[in-house]
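Asks: Attaching a single structure in structure tokens format; questions to follow.
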Ligand SMILES: [Zn+2]
Ligand SMILES: [Zn+2]
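Residue numbers (the numbering used here): 5 to 265.
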């Protein structure tokens, strides 16, 4: 079995010994490709994600962007550097970008402006978008639609909305990625979408170090745990992990436009 963790954060504050031990544990568990997300209050996590992906060109891709929490940091210099980083082969996507109206760490109008600029950057680069959205379903779809995100498509990461949002996102060319949330007993809407979304439009992710899936819930999450999430998605779809895994692998390669070894 081979799985892709399509969304993990491996920054040193979460993995003080460096990312390689976590990647090795994941490989032993059958997780053999990764998309590492480089976002933070500065661009250092983006640079680090690119370095990691360049060091592991066969099985690690990077995404670079500015998280909605940090939208106030997106100035001209940051945009210029993201454009340079984003053009590199190791970078498979622009992200995570989007809107977070739950925490509101940046003012909403600043979040919306940054999101729109970064969607335009992704279109300029011709790379797909990894979207973070929380409690902002309508504005998220409106900006993706208004900025022509359909041209590059992408992934709604850590899907935590309902069927209506799922339909809107799928129609705009965005796949749905399921995190540990889908293993939580109270996540009925998310489970319903995981059960019914088109087989060729779904992914799994850890969003490590957050949201460890059951039965690891409460522990720091790491890429190896995506196996539990994938097993739950298989169960919801009344199939087996062995049958689902090749489809997920193909979806990740298709959406991220690369071959993982
Ligand atoms: Zn996120
Ligand atoms: Zn994330």
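Beta carbons: idealized from backbone N, C-alpha and C, even for Gly.
Excluding five sequence neighbours on each side, which residues of the same chain lie with their C-beta closer than 6 Å to the C-beta of residue 241?
Replies: 199
Asks: With DSSP as the reference, please indicate the residues paired to residue 39 in a beta bridge.
Replies: 65
Asks: Could you check whether the Cβ of residue 206 sits closer than 7 Å to any heavy atom belonging to ligand 2?
Replies: no
Asks: Tell me the DSSP bridge mates of residue 103?
Replies: In the DSSP assignment, residue 103 forms a beta bridge with 137.
Asks: Relative to the C-alpha of residue 11, which residue among 20, 17 and 35 is closest?
Replies: Checking every option, the nearest Cα to that of residue 11 belongs to 35.
Asks: Let me have the residue list for ligand 1: C-beta closer than 6 Å to any non-hydrogen atom, ordered along the chain.
Replies: 100, 136, 161 and 162
Asks: Return the residue from the list 158, 209 and 168 that minimises the CA-CA distance to residue 182.
Replies: 209
Asks: Hey, would you say residue 172 sits closer than 8 Å to residue 156, going by beta carbons?
Replies: Not closer than 8 Å, so no.
Asks: Grab me the residues of residue 63's own chain with a C-beta within less than 7 Å of its C-beta, minus the 5 sequence neighbours each way, in chain order.
Replies: 36, 37, 38, 264 and 265
Asks: Helix or strand or just coil, what does DSSP make of residue 22?
Replies: In the structure shown, residue 22 sits in coil (DSSP, three-state: anything other than H, G, I, E or B).
Asks: State yes or no: is the C-beta of residue 11 nearer than 7 Å to some heavy atom of ligand 2?
Replies: yes
Asks: If you scan the region 148-194 from start to end, which runs of the beta strand (DSSP E) of 3 or more residues do you find wholly inside it?
Replies: 158-160 and 178-182
Asks: Taking the C-alpha atoms as reference points, what is the distance between residue 254 and residue 96?
Replies: Cα to Cα, the separation comes out at about 15 Å.
Asks: Looking at residue 7 and residue 191, is the spacing between their C-beta atoms short of 8 Å?
Replies: no
Asks: Using the DSSP secondary-structure output, state which residues sit across from residue 97 in a beta bridge.
Replies: BP columns for residue 97 point to 67.
Asks: Round the Cβ separation of residue 101 and residue 69 to the nearest angstrom and send it over; I've been treating them as touching at under 8 Å.
Replies: The Cβ separation is near 4 Å, so the contact holds.
Asks: Between residue 164 and residue 185, what straight-line distance do the alpha-carbon atoms span, to the nearest angstrom?
Replies: Taking C-alpha positions only, residue 164 is separated from residue 185 by approximately 7 Å.
Asks: Can you tell which of 61, 41, 87 and 119 has its C-alpha closest to the C-alpha of residue 75?
Replies: 119
Asks: With respect to the alpha helix (DSSP H) encompassing residue 60, which residues constitute its N-terminal and C-terminal limits?
Replies: Careful: residue 60 lies outside any alpha helix (DSSP H) and carries neither H nor E.
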